[in-house]
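Quick note on UniProt numbering: the sequence shown kicks off at 1 and runs consecutively. See structure below.
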Amino acid sequence: MDEVVLISWTQKLVLYETKARYYIVGSNKSETRFRVLKIDRTEPRELVIHDDKVEYSRSEIRSVLSMIDGGNKPKKQGNNSTGLSKNISAFGIAGFVRFLEGYYMILITKRKKAAAIGPHTVYKIEDTSMLYIPNDSVRYVHPDESRYVKMFQNVDLSSNFYFSYSYDVTHTLQYNMARVFTEGKGGNACTSGNTDNISCKQPQPNHYRHRAASRLHSLWEGEAEEAFSKSSFPAAPTASATDKEMEEQTIPISEVTDIKPSPESLTLSSIPEAELKKEEVKCGVKNAPCRKFLWNNHLLQGFENCVHSDWVLYIIHGFIGQSNVCVFGKSVYLTVIGRRSNQFAGTRFLKRGTNQEGYVANEIETEQIVQDTSVTFLDQGKVSSFVQLRGSVPLFWSQDISKMVPKPPISLDQRDPYSSAAGMHFNQLLCRYGAPIIVLNLVKTRENKRHESILSEDFIKTVDYLNQFLPAEHSIQYIGFDMARVNKRKDADVMLRLNRIARYCMKQTGFFLSVPPTQAQYLLKDPELQALRGVWGSRGSRQTGLVRTNCVDCLDRTNTAQFAMGRSALAYQLYALGVLEKPHLEFDTDCVKMLEELYEDHGDTVALQYGGSQLVHRIKSYRKIAPWTSHSRDIMQTLSRYYSNAFSDVEKQQAFNLFLGVFVPVEGQPNLWDLPTDFYLHNKISLGQKSAKNHYCQWWTSEAWKSLPLPHDEVAKPEAIHAAVITAPQTDEHVNAFYEHYRPAELSAFDEMYQIYLSQCGWKHVPKNATDPSPFCVRQFYDQSLERGAESNPNISGKDSTSSTTSFGSEGSSDTSENSDGEGGVQLSDSSTDDSSEDEGRYISFKDLFPSMATVYNTEITEPSARDQKMYKRYVDIGRGKKEEEVPADGQSTESLNRPLSSSGNGDSKESMVGLSKRLPPGVDIFPISAFKLDSSFFVEPPPVSRQARDIYAAYVQRGQCGAGPVSDVDRHAYIKYINKKYL
1 MDEVVLISWT QKLVLYETKA RYYIVGSNKS ETRFRVLKID RTEPRELVIH DDKVEYSRSE
61 IRSVLSMIDG GNKPKKQGNN STGLSKNISA FGIAGFVRFL EGYYMILITK RKKAAAIGPH
121 TVYKIEDTSM LYIPNDSVRY VHPDESRYVK MFQNVDLSSN FYFSYSYDVT HTLQYNMARV
181 FTEGKGGNAC TSGNTDNISC KQPQPNHYRH RAASRLHSLW EGEAEEAFSK SSFPAAPTAS
241 ATDKEMEEQT IPISEVTDIK PSPESLTLSS IPEAELKKEE VKCGVKNAPC RKFLWNNHLL
301 QGFENCVHSD WVLYIIHGFI GQSNVCVFGK SVYLTVIGRR SNQFAGTRFL KRGTNQEGYV
361 ANEIETEQIV QDTSVTFLDQ GKVSSFVQLR GSVPLFWSQD ISKMVPKPPI SLDQRDPYSS
421 AAGMHFNQLL CRYGAPIIVL NLVKTRENKR HESILSEDFI KTVDYLNQFL PAEHSIQYIG
481 FDMARVNKRK DADVMLRLNR IARYCMKQTG FFLSVPPTQA QYLLKDPELQ ALRGVWGSRG
541 SRQTGLVRTN CVDCLDRTNT AQFAMGRSAL AYQLYALGVL EKPHLEFDTD CVKMLEELYE
601 DHGDTVALQY GGSQLVHRIK SYRKIAPWTS HSRDIMQTLS RYYSNAFSDV EKQQAFNLFL
661 GVFVPVEGQP NLWDLPTDFY LHNKISLGQK SAKNHYCQWW TSEAWKSLPL PHDEVAKPEA
721 IHAAVITAPQ TDEHVNAFYE HYRPAELSAF DEMYQIYLSQ CGWKHVPKNA TDPSPFCVRQ
781 FYDQSLERGA ESNPNISGKD STSSTTSFGS EGSSDTSENS DGEGGVQLSD SSTDDSSEDE
841 GRYISFKDLF PSMATVYNTE ITEPSARDQK MYKRYVDIGR GKKEEEVPAD GQSTESLNRP
901 LSSSGNGDSK ESMVGLSKRL PPGVDIFPIS AFKLDSSFFV EPPPVSRQAR DIYAAYVQRG
961 QCGAGPVSDV DRHAYIKYIN KKYL
């Protein structure tokens, strides 16, 4: 029995409302199959949901809605209100939440396609609707409810929240493609245990209605008495009941719903029963989500376990971007997914380091997926992925933000002699990713005043302590690289050094690859791929371990380092898919430009979520090709980040704590805004809560140890508890990925398809004057025309930005030298080919020290042509107002007028212009177009400056020379007004 992904076909929702109930009618895309969810509105504080987990046809849902409408109509016919009214249409249920009053329901009302991974579509939430469930007659009013609602809504669900009906976005591609049931045991395993057996066999219409009517009795017999006292339940039609008799018992569906009928030929009931028996049966599996990256985990409590799995959606927060690398008409999709952890989540200065359970701040799992779209389905085509991680330094540290300074001092708040928190953190990494774990620490190591180096010293000690209990093959590898210090040197190339680190890390961890078995056998013999570690099988390889990158904020430097990792991984991925001849990608190609844009969007998004602004130092800044105008942009981003950290981070942190269920409001207990700190909310062990701690020496779990180098989560997937496991014929929508992707029942237009849109977006990276359409061709003038613009920041040495004259290891003679950047204790020299070997061996020549103008500015001074000289002469003649020689009226000589005005006396310029007379050929009129009447090509009168502008400039100069002065009365009153309005 084939194992496939379980698809939730309940993708269209319509919410109907009565005084006592909410009814959610869910249907498939063709609106031929329906489910009904009933929510009680008479409970003021409890969430009462009833789901019979029964599937209805179109005729059955008409009967249900007609019955509810008739049973809830008022007795007085003069009243215009109906018994059942449509409230809203939606695409899914995000969850339910309660503060101090009743429950709220959150519906996804707008969505947009964000990515396509094989036949699966990932959607971005565009808009949501939050509805209060209890009716007004039973509503309990609390004075603090509105403030909690406003705080909850500060987490904008329409900003970078994603979900899918068929793809598990909380797990990596490698985990999702791992089989649950082994060969030979799939049939037995699928039909045993916690499973739902779905049969696609449909009876004849009359038997179907009789069976449906009996089900309606069991489902709706608990309705409110006032509803059924007004309208009797429709009698169950017999097997001989005709369609006409059924229609007489129901009201027209158009009066209570806008569900549009679709051809009955598209339903499975039209398939002969004999053919259904011969159909192949498939096993659909829906993975249990990774709760660490599930951002609606708190919203699903009380709802997830009491309804059918089709109603439940798993939502992540972070970033998803996709581009199309078109290789001579062949589409290769490049996807970057960033999953933000919901543990110890918060804002920049309020969440640093780790908590007592080993969860670190700003932890984001970044996955890079490359798919050959020649074959749609993942298990039959060629697809690859590479996973890396960013997260704060796993120590107990913080920064004091009570003082308004740009860089608050770093302090170690708690000593951890046995590195218990860091041990739990790395144990989590071993369970999810396997070994080896490579730590790339970009924190500064040498400073005039100790600031970031405090973290580096303790981090090295922590890694050394943990490594003494691990064997060498599974030890944590530490790589230190003072990226900021190296970037300040004019002769150093940061990207070249990061490229060498990335190639080393790729050889240690490998990457995930799934290809047909025939191609996998060929790749096993490839010398380039044999140098990579990982576990190889009959269909490719699996990644073991990952690279964990961090700086202080895990934003700017970390994003550039992750781009370097992704560039190296992309070269190997495209090489394994048969797109490249060798695993190497040059800068200034369309493919690398797409990858750079994806990682910069990814960095901007996570920086806004954590730091309050976009990236300050971008990839171009470290390549030293950023335009001069980027400096002003960096200043604005720095000010925006500083303002956000100083004034809005507290409110954002409270919103995160409320949204994620870190704080649950309880009547009679202190409110969230009354707590002096949220330390005890994120460190519940300090409150006395028991936690399973490992031994001081054995800081890893035995299950993770036995699975190494593979991740334990992937090895234990067959024994894990899954969200749902069903068996169904291959034509059923639960297991039919072809129907889910191609939608044969819907009318589609090519111009509106996501694939066409993605193909068109890929061409924006190709220059207009490009002659080679290959995305791997180096564009000679690519940066000048598209990135640098008219004002660029060229490399001072005049050399290419990807080359360097220095070795990678260190700048000085030893590690103790001042120029040492301290890459760490890992030997990065490999025998494999390195694209930087030729550049490193280049000697310094005279041209390197004194480059020509053509090398630096791509232009050179030459003798002007005759046409340019003639044009310039005409321009000067017109500016002087002298087309032909003429003697002025005041008797001055012609030579005196021909002299430039700048050569005359100081006060004679204006008089000379006034005395200048002009005589031009008939039909030629010359008139000034400047705003100043006396302007010419020789003299420009400065515009008048107002007194207010002069005072502002004088105050600015004085402030720069003498420092900040006293606060003005206007500013003081504005600040007092702000404080009174916000806190008093």
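Just so you know, even glycine gets a beta-carbon here, dropped at the ideal spot from N, CA and C.
Helix, strand or coil for leucine 687 per DSSP? On the sequence shown, residue 687 is found 687 positions in, with the first residue counted as 1. Helix at leucine 687.
So is alanine 954 buried or exposed if we call it buried at 16+ other beta carbons inside 10 Å? Residue numbering aside, residue 954 sits at position 954 when the sequence shown is read from its first letter. Around the Cβ of alanine 954, a 10 Å sphere holds fewer than 16 other Cβ atoms; the residue is exposed.
Measuring straight from C-alpha to C-alpha, what distance separates glutamate 746 and serine 137? For the purposes of this step, residue 746 is identified with residue 746 of the sequence shown, where counting begins at 1. For the purposes of this step, residue 137 is identified with residue 137 of the sequence shown, where counting begins at 1. Distance between the alpha carbons of glutamate 746 and serine 137 is about 44 Å.
Count Cβ pairs between the stretch 377 to 391 and the stretch 349 to 366 that sit closer than 8 Å; are there 3 or more? Contact between the stretch 377 to 391 and the stretch 349 to 366 is present: 3 or more CB-CB pairs across the two stretches fall below 8 Å.
Can you give me the Cβ contacts of cysteine 591 inside the same chain, cut-off strictly under 7 Å, excluding the 5 residues immediately before and after it? Taking the sequence shown and counting its residues from 1, one reaches residue 591 at position 591. Beyond the five residues adjoining it in sequence on each side, cysteine 591 comes within less than 7 Å, by CB distance, of Val325, Leu585, Pro775, Phe776 in the same chain, given in chain order.
May I have the straight-line CA-CA distance separating serine 218 from valine 307, to the nearest angstrom? As a working note, residue 218 is residue 218 in the sequence shown. As a working note, residue 307 is residue 307 in the sequence shown. The predicted model places serine 218 with a pLDDT of 39, which falls under 50 and marks its position as unreliable; any figure quoted below should be read in that light. Taking the straight line joining both Cα atoms gives about 17 Å.
With a CB to CB cut of under 8 Å and the five nearest residues on each side skipped, what residues in its chain are close to serine 158? Along the sequence shown, read from residue 1 onward, the residue named residue 158 stands at position 158. Excluding residues within five positions, the ones whose Cβ falls inside 8 Å are Lys110, Ile125, Glu126, Asp127, Thr128.
Taking C-beta to C-beta, are phenylalanine 319 and threonine 605 nearer than 8 Å? Position 319 of the sequence shown, counting from 1, holds the residue named residue 319. Position 605 of the sequence shown, counting from 1, holds the residue named residue 605. In this structure, threonine 605 lies closer than 8 Å to phenylalanine 319 by Cβ.
Excluding sequence positions up to five away, which residues of its chain have a Cβ less than 6 Å from the Cβ of valine 940? For the purposes of this step, residue 940 is identified with residue 940 of the sequence shown, where counting begins at 1. Cβ neighbours of valine 940 beyond the five flanking positions: none.
So what does DSSP say about leucine 6, is it helix, strand or coil? Translated into positions along the sequence shown, residue 6 becomes position 6. When DSSP states are grouped into helix, strand and coil, leucine 6 belongs to the coil group.
Using 10 angstroms around the beta-carbon of tyrosine 314, count the other beta-carbons present and answer buried if the total reaches 16, otherwise exposed. As a working mapping, residue 314 is identified with position 314 in the sequence shown. Buried, since its Cβ has 16 or more Cβ neighbours within 10 Å.
DSSP has tryptophan 397 in a bridge; who is on the other side? Taking the sequence shown and counting its residues from 1, the one referred to as residue 397 is at position 397. Under DSSP, tryptophan 397 takes part in a beta bridge, and its partners are Leu412.
Outcome for leucine 15 when other beta-carbon atoms lying within 10 angstroms are tallied against a minimum of 16: Start at 1 with the first residue of the sequence shown, and residue 15 comes out as number 15. Residue burial annotation: leucine 15 is buried, with at least 16 other C-beta atoms found within 10 angstroms of its C-beta.
Pick from Arg500, Val535, Phe663: whose alpha carbon is nearest that of threonine 509? Your numbering for residue 509 matches position 509 in the sequence shown. For the residues Arg500, Val535, Phe663, the minimum Cα distance to threonine 509 belongs to Val535.
State the start and end residues of the unbroken alpha helix (DSSP H) segment that holds leucine 131. To locate residue 131, count along the sequence shown from 1; it is residue 131. Unbroken run through leucine 131 is the beta strand (DSSP E), 120 to 132; no alpha helix (DSSP H).
Hey, quick one: how far does the beta strand (DSSP E) through isoleucine 437 stretch, first residue to last? Along the sequence shown, read from residue 1 onward, the residue named residue 437 stands at position 437. Per DSSP, the continuous beta strand (DSSP E) segment holding isoleucine 437 begins and ends at 437 to 441.
On the DSSP bridge assignment, give the partners of valine 281 in chain order. The count along the sequence shown starts at 1 and reaches residue 281 at position 281. The beta-bridge partner set that DSSP reports for valine 281 consists of Pro729.
Given that a residue counts as buried once 16 or more other Cβ atoms are within 10 Å of its Cβ, and exposed if not, what is glycine 611? On the sequence shown, residue 611 is found 611 positions in, with the first residue counted as 1. Here glycine 611 is buried, its C-beta having at least 16 other C-beta atoms within 10 Å.
Examine the Cβ distances between the stretch 765 to 774 and the stretch 331 to 350 and report whether three or more of them are shorter than 8 Å. Contact fails: fewer than three Cβ-Cβ distances are below 8 Å.
Helix, strand or coil: which one does DSSP assign to tryptophan 536? Stepping through the sequence shown from its first residue, residue 536 is reached at position 536. Correct three-state label for tryptophan 536: strand.
Go through its chain and collect everything with a Cβ distance to cysteine 505's Cβ below 7 Å, but skip five positions before and after it. Residue numbering aside, residue 505 sits at position 505 when the sequence shown is read from its first letter. Excluding sequence neighbours, cysteine 505 sits near Ile438, Val547, Met565.
Any alpha helix (DSSP H) of 4 or more consecutive residues that is wholly inside the stretch 28 to 65: Considered as a whole, the stretch 28 to 65 harbours no complete run of any alpha helix (DSSP H) with no fewer than 4 residues.
Helix, strand or coil at methionine 424 according to DSSP, with G and I counted as helix: Looking up residue 424 in the sequence shown gives position 424. Here methionine 424 sits in helix by DSSP.
Quick one: what does DSSP say tyrosine 333 is sitting in, helix, strand or coil? Stepping through the sequence shown from its first residue, residue 333 is reached at position 333. Under the three-state reduction of DSSP output, tyrosine 333 falls in the strand class.
Using the Cα positions of aspartate 69 and arginine 147, report the straight-line distance between them to the nearest angstrom. By 1-based counting over the sequence shown, the position of residue 69 is 69. By 1-based counting over the sequence shown, the position of residue 147 is 147. Computed Cα separation, rounded: 36 Å.
Counting pairs of beta carbons, one from the stretch 295 to 306 and one from the stretch 83 to 97, are three or more of them closer than 8 Å? Of all C-beta pairs linking the stretch 295 to 306 to the stretch 83 to 97, three or more are shorter than 8 Å, placing the two stretches in contact.
Taking leucine 546 as part of the alpha helix (DSSP H), name the residues at either end of that continuous run. One-based indexing of the sequence shown puts residue 546 at position 546. Bounds of any alpha helix (DSSP H) do not take in leucine 546; it lies within the beta strand (DSSP E) bounded by 546 to 550.
Between the Cα of histidine 317 and the Cα atoms of Leu498, Arg33, Gln11, Ser164, which residue gives the shortest distance? The residue given as residue 317 occupies position 317 in the sequence shown. For the options Leu498, Arg33, Gln11, Ser164, the alpha carbon positioned closest to that of histidine 317 is the one of Ser164.
Taking buried to mean at least 16 other C-beta atoms within 10 Å of its own C-beta, is cysteine 962 buried or exposed? Translated into the one-based positions of the sequence shown, residue 962 becomes position 962. Exposed is the call here.
By the three-class DSSP mapping on this structure, what secondary structure does valine 945 have? Taking the first residue of the sequence shown as 1, we reach residue 945 at position 945. Assigned with DSSP and collapsed to three states, valine 945 falls in coil, not helix or strand.
Tell me the DSSP secondary structure of methionine 594 in three-state form. As a first step, residue 594 must be located in the sequence shown, where it is residue number 594. Annotated three-state conformation of methionine 594 is helix, per DSSP.
Spatially closest choice to arginine 58 from Arg35, Asp40, Glu367, Leu47, by CA coordinates: Reading the sequence shown from its first residue, position 58 is the one you call residue 58. Nearest to arginine 58 by C-alpha distance, out of Arg35, Asp40, Glu367, Leu47, is Arg35.
List the endpoints of the continuous alpha helix (DSSP H) containing lysine 525. Along the sequence shown, read from residue 1 onward, the residue named residue 525 stands at position 525. That residue, lysine 525, is in no alpha helix (DSSP H); it is neither H nor E in DSSP.
Pick out whichever of Glu596, Gln468, Gly480 has its Cα sitting closest to the Cα of residue 985. Because the chain in this structure spans residues 1 to 984, residue 985 falls outside the shown range and cannot be described.
Among Phe459, Tyr754, Ser453, Leu532, which residue has its Cα nearest to the Cα of glycine 423? Residue mapping note: residue 423 aligns to position 423 of the sequence shown, counting from 1. Looking at Phe459, Tyr754, Ser453, Leu532, the one whose alpha-carbon comes closest to that of glycine 423 is Phe459.
Excluding the 5 residues preceding and the 5 following threonine 462 in the sequence, name in chain order all residues of the same chain whose CB lies nearer than 6 Å to its CB. Here residue 462 refers to the residue found at position 462 when the sequence shown is read from its first residue. Once the five neighbours on either side are set aside, the close Cβ partners of threonine 462 are Ser419, Ala422.
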